[in-house]
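Visitor:
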Amino acid sequence: SLVNKTKFVPLPPLCSPDILGFNLIFLSRDATFLSVCILILQNLMNSRCDVAVSQSDIRINICMKQGLLPSLEDLLFYTIAEGQEKIPVHKFITALKSTGLRTSDPRLKECMDMLRLTLQTTSDGVMLDKDLFKKCVQSNIVLLTQAFRRKFVIPDFMSFTSHIDELFESAKKQSGGQVADYIPQLAKFSPDLWGVSLCTVDGQRHSVGDTKVPFCLQSCVKPLKYAVAVNDLGTEYVHRYVGKEPSGLRFNKLFLNEDDRPHNPMVNAGAIVITSLIKVKRSHLYLKTFFLFRFQSERESGDRNFAIGYYLKEKKCFPEGTDMVAILDFYFQLCSIEVTCESASVMAATLANGGFCPITGERVLSPESVRNTLSLMHSCGMYDFSGQFAFHVGLPAKSGVAGGILLVVPNVMGLMCWSPPLDKMGNSVKGIHFCHELVSLCNFHNYDNLRHFAKKLDPRREGGDQRVKSVINLLFAAYTGDVSALRRFALSGMDMEQRDYDSRTALHVAAAEGHVEVVTFLLEACKVNPFPKDRWNNTPMDEALHFGHHDVFKILQEFQIQYTPPEDSSDGKENQTVHKNLDGLL
């Protein structure tokens with residue numbers, strides 16, 4: 001019944017490759033689909049039945065009665081243990097943090113609670129054997145497997161964050177700018193404060209600098225309340241009251257468009273009108289989080305906004321029956337909501353993730369509201385600097401006079417940069433420099449991926465260093481005869497036929513060294529090509545014959561006769577690799 005309610009799973013048959021596909025469990029990011037897969041696999045394991053799956057002439061025979069199917073917990077243990085029988089707790093935590101996940105992540109609560117309980121109740125509290133490890137991770141196995149198999153949006157998170165730290169230090173050297181003083185509470189911030197936090201759409205997080213110091217959102221709240229209004233009321237209704245065009249004027253001008261509406265929701269007039277549209281029942285959600293003294297300071301120095309409010313009232317820009325003074329109070333309260341760089345980066349990441357909070361999985365905003373919000377942030381979000389920012393940085397962003405810049409890299413991550421000193425346009429000096437440098441380094445600009453464009457770092461791709469390390473580990477395991485390591489590589493989905501700079505494979509190396517068990521494992525379990533040629537046109541059989549390993553030569557000769565080359569297909573190479581590895585290991 002659960003499967004029938006899930007649009008992601010084609011029916012029938014129940015045991016189709018789309019449901020039981022081994023690789024899909026690791027690669028899919030859809031939580032519902034993953035849950036269905038896990039439930040079905042668990043039911044099949046409990047029934048101890050035989051299951052056969054066919055797809056593109058690939059047949060996987062899963063012998064459940066013999067207990068040969070490795071669980072996801074087993075695969076994760078093999079990945080982290082690196083051939084050892086136990087995993088030190090600190091090694092697991094360190095490896096977890098290197099993926100970008102935090103131990104405080106709400107999605108890992110069950111795992112962390114169980115880990116703490118295990119440490120308190122076991123004599124060898126600092127080491128986890130396979131059974132203890134499985135007990136700790138089983139509740140969050142899908143998320144952990146994605147993390148350790150580098151299936152997050154930024155695979156090499158440690159390398160990426162090292163670049164972020166360098167950009168942070170570069171921006172830290174920027175001087176100039178003035179802390180906003182027209183609101184007395186803002187003038188109290190030190191000009192030396194500087195912090196950057198990021199959160200990816202997969203919940204990977206990184207912070208550097210003064211990221212735990214609270215500050216007010218100010219104008220950074222404008223895109224958020226516009227998104228809430230569109231989410232609740234719809235685009236058509238909201239834009240009866242506010243336009244979509246950049247104004248070309250100062251953000252606090254008493255000026256409307258030709259239809260007597262505010263130009264867009266990112267200027268003060270538009271933000272005040274949007275505030276009047278937000279449902280009254282939502283107001284209690286914000287009243288708990290605004291900072292009272294800054295609200296009072298903002299209200300006392302808000303003569304310009306009161307003037308805008310009365311002007312909007314005179315032009316009948318509010319819905320009928322609106323209490324303008326109450327709306328202005330609510331507007332000041334929203335501007336006075338306190339955040340830190342860390343919490344605001346999750347807000348930005350929610351926009352980057354299409355309205356889903358990346359660390360809870362909860363849908364907060366509709367796709368329509370997110371799309372509209374990002375469009376307006378791109379064209380109108382940076383005050384009078386919006387055009388230049390769109391030209392040079394090419395990403396949706398919103399700045400505020402408290403020194404914050406809410407930056408969104410769609411489908412990748414959200415960032416909050418905060419430094420109180422502002423330039424003459426009202427934007428953070430250090431924040432603007434950081435955004436420029438980020439786009440200069442990474443291909444995040446909206447048009448960086450055009451053909452023939454200069455190549456930049458793409459943190460969404462797995463780096464060459466990791467591929468080199470993968471080849472070295474594979475060939476070294478073949479050289480030393482380490483079947484345990486090779487089994488772990490195969491279980492983790494590694495391509496067991498990858499080559500070095502001389503086009504030599506693990507089978508070449510194992511044949512040259514005379515490791516019968518390794519050769520047998522690669523041929524029988526991993527089903528590698530028995531006669532690949534290196535740069536000198538030598539095959540593994542040639543290597544075995546040259547070094548006098550006749551047992552290996554005989555094995556290769558037998559498999560060469562039986563081997564049937566696979567049909568060439570560009571579709572799903574990694575899927576085929578993992579299916580082949582699993583089939584052989586079973």
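The opening position of the sequence shown corresponds to residue 1 in my numbering, with each subsequent residue numbered one higher.
Glycine is no exception: its CB is placed at the ideal position from the N, C-alpha and C atoms.
What you are looking at is a predicted structure, and each value in this text was computed from that prediction instead of being measured.
1) In or out: LYS225 buried (at least 16 other Cβ within 10 Å) or exposed?
2) What residues in its chain sit with their C-beta under 7 Å from that of PRO106, if we drop five residues either side in the sequence?
3) Would you verify that the beta carbon of LYS456 is, or is not, closer than 7 Å to some beta carbon of chain C?
4) Is the beta carbon of ILE87 sitting closer than 7 Å to the one on LEU128?
5) Are the stretch 468–485 and the stretch 506–523 touching, with three or more C-beta to C-beta distances below 8 Å?
6) Whole alpha helix (DSSP H) runs in the stretch 326–381 with 4 or more residues, listed along the chain?
7) Here's the rule I'm using: 16 or more other beta-carbon atoms within 10 Å means buried, otherwise exposed. How should MET347 be labelled?
8) Let me check one thing: in DSSP terms, what residues is LEU117 bridge-paired to?
9) Check whether the stretch 149–157 touches the stretch 455–462, taking contact to mean three or more Cβ pairs, one atom from each stretch, closer than 8 Å.
10) Specify, as a first and last residue, the run of the alpha helix (DSSP H) that SER440 falls within.
11) What residue from GLU73, GLY400, ALA485 and SER484 has the CA that sits closest to ILE337's CA?
12) Given PRO214, which residues of its chain have a CB within under 8 Å of its CB, disregarding the five upstream and five downstream residues?
13) What is the residue span of the alpha helix (DSSP H) that HIS206 lies within?
14) What residue ranges within the stretch 232–286 form continuous alpha helix (DSSP H) runs of no fewer than 4 residues, ordered along the chain?
15) Relative to the C-alpha of ALA271, which candidate in ASP329, ILE432 and THR539 has its C-alpha closest?
16) Checking the sheet assignment: what are the DSSP bridge partners for PHE157?
17) With distances taken Cα to Cα, identify the nearest neighbour of CYS220 among ALA397, LYS424, GLU497 and THR539.
18) The alpha helix (DSSP H) spanning SER484 covers which residue range?
19) Between ARG504 and PHE77, what straight-line distance do the alpha-carbon atoms span, to the nearest angstrom?
20) Alpha carbon to alpha carbon, how far is TYR331 from ASP202?
21) Measuring alpha carbon to alpha carbon, tell me which of VAL196, ALA344 and ALA352 ends up nearest ASP165.
22) Alpha carbon to alpha carbon, how far is THR350 from LYS222?
23) Return the CA-CA distance between ILE308 and VAL273, expressed in angstroms with no decimal places.
24) Closest to MET413 by C-alpha separation, out of ALA402, LEU395 and TRP194, would be which residue?
25) Closest to SER71 by C-alpha separation, out of SER98, SER175, ASP131 and PHE444, would be which residue?
26) Taking only three categories from DSSP, how would you classify SER399?
27) From the DSSP secondary-structure annotation, give me the bridge partner or partners of ASP129.
28) Which value, in whole angstroms, describes the spacing of the CA atoms of ASN446 and GLY426?
29) Whose CA, out of GLU320, HIS163 and LEU422, lies closest to the CA of LEU438?
30) What's the gap between the Cα of ILE278 and the Cα of LEU75?
31) Per the DSSP calculation, SER197 is bridged to which residue(s)?
32) Contact between the stretch 308–318 and the stretch 165–185 is defined here as three or more beta-carbon pairs at a separation below 8 Å; is this criterion met?
33) Kindly indicate which three-state DSSP category GLN174 falls into: helix, strand or coil?
Guide: Let me spell this out:
1) Answer is buried; the Cβ neighbour count reaches 16.
2) Annotation for PRO106: ILE359 and THR360 place their beta carbon closer than 7 Å to its own, counting only its chain and skipping 5 residues before and after.
3) Checking the listed chains, one finds no chain C in this structure; it contains a single protein chain.
4) In contact: ILE87 and LEU128 (Cβ atoms closer than 7 Å).
5) The count of Cβ pairs closer than 8 Å, one atom from the stretch 468–485 and one from the stretch 506–523, reaches three, so the stretches are in contact.
6) You should have 341–352 and 367–380.
7) Burial state of MET347 is buried, judged by a 10 Å Cβ sphere holding 16 or more other Cβ atoms.
8) Its beta-bridge partners do not exist; DSSP assigns none.
9) Short answer: they touch.
10) For SER440, the uninterrupted alpha helix (DSSP H) run begins and ends at 429–441, by DSSP.
11) When C-alpha distances from ILE337 are compared across GLU73, GLY400, ALA485 and SER484, the shortest belongs to GLY400.
12) So the qualifying residues of the chain are PHE291, GLU338, VAL339 and THR340.
13) Segment 205–209 is the beta strand (DSSP E) holding HIS206; no alpha helix (DSSP H) there.
14) Segments of the alpha helix (DSSP H) lying fully in the stretch 232–286: 235–238 and 268–277.
15) Closest in alpha carbon position to ALA271, among ASP329, ILE432 and THR539, is ASP329.
16) In the DSSP assignment, no residue is bridged to PHE157.
17) Closest option to CYS220, Cα to Cα, is ALA397.
18) Taken as a continuous stretch (DSSP letters only), the alpha helix (DSSP H) holding SER484 covers 483–491.
19) Straight-line Cα distance between these residues: approximately 29 Å.
20) When rounded, the distance between both Cα atoms is 32 Å.
21) Cα-wise, what sits closest to ASP165 is VAL196.
22) If you draw a straight line from the Cα of THR350 to the Cα of LYS222, it is about 15 Å long.
23) Looking at the backbone, the Cα of ILE308 and that of VAL273 are separated by about 10 Å.
24) Ranking ALA402, LEU395 and TRP194 by Cα distance to MET413 puts LEU395 first.
25) Minimum Cα distance to SER71 is reached at ASP131.
26) Three-state result, SER399: strand.
27) Per DSSP, LYS86.
28) Taking the Cα positions, ASN446 is about 24 Å away from GLY426.
29) For LEU438, the nearest C-alpha among the options comes from HIS163.
30) The alpha-carbon atoms of ILE278 and LEU75 are separated by roughly 49 Å.
31) According to DSSP, which records beta bridges pairwise, SER197 is partnered with SER207 and MET416.
32) Three or more beta-carbon pairs separated by less than 8 Å are not found between the stretch 308–318 and the stretch 165–185, which leaves the two stretches without contact.
33) Coil, per DSSP.
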